[in-house]
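In the numbering used here, the protein residues as written are 475 to 559.
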C-alpha cells in the first residue's frame, strides 16, 4: 500500500470523513500534517497543492485533493487501484 499523506487540522470534519473512507478501504496508517498549529506547514501545503482548504490528500505521489475528490474517486471505482499500487 502506498504512503498516504493528509494535510489536516484538528477540528476538520471533512478530514475525519476522509479518514473513515480510507479506513473502510483497509488503510491503517495516514501521515497527518496538522497545519492549524504550524504556519510553515500551511504554507507548504498551499505551495504544493495550490489549494487553501483541508484535507489535502496524497496517495503516494498522486494528489487526490480534498474529501469530495476522494469520494468521487471511490464512486468512480478509481480509489481501490490507487491504494493497490
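Every residue, glycine too, gets a C-beta built ideally from N, C-alpha and C.
Backbone CA spacing between residue i and residue j [nearest angstrom]
i	j	result
residue 539	residue 530	5 Å
residue 550	residue 517	31 Å
residue 521	residue 515	10 Å
residue 477	residue 559	10 Å
Simplified DSSP state of residue i, which is helix, strand or coil
i	result
residue 520	helix
residue 538	strand
residue 484	coil
residue 559	coil
residue 501	coil
residue 514	helix
residue 552	coil
Buried or exposed by the 16-neighbour rule on C-beta atoms within 10 Å, applied to residue i
i	result
residue 528	buried
Integer-rounded CB distance, given that residue j should sit under 8 Å from residue i
i	j	result
residue 483	residue 512	Residue 483 to residue 512, Cβ: 10 Å. No contact.
residue 505	residue 479	5 Å
residue 557	residue 475	6 Å
Neighbour flag for residue i against chain D, beta carbons, 8 Å
i	result
residue 528	Of the protein chains in this structure there is only one, and it is not chain D.
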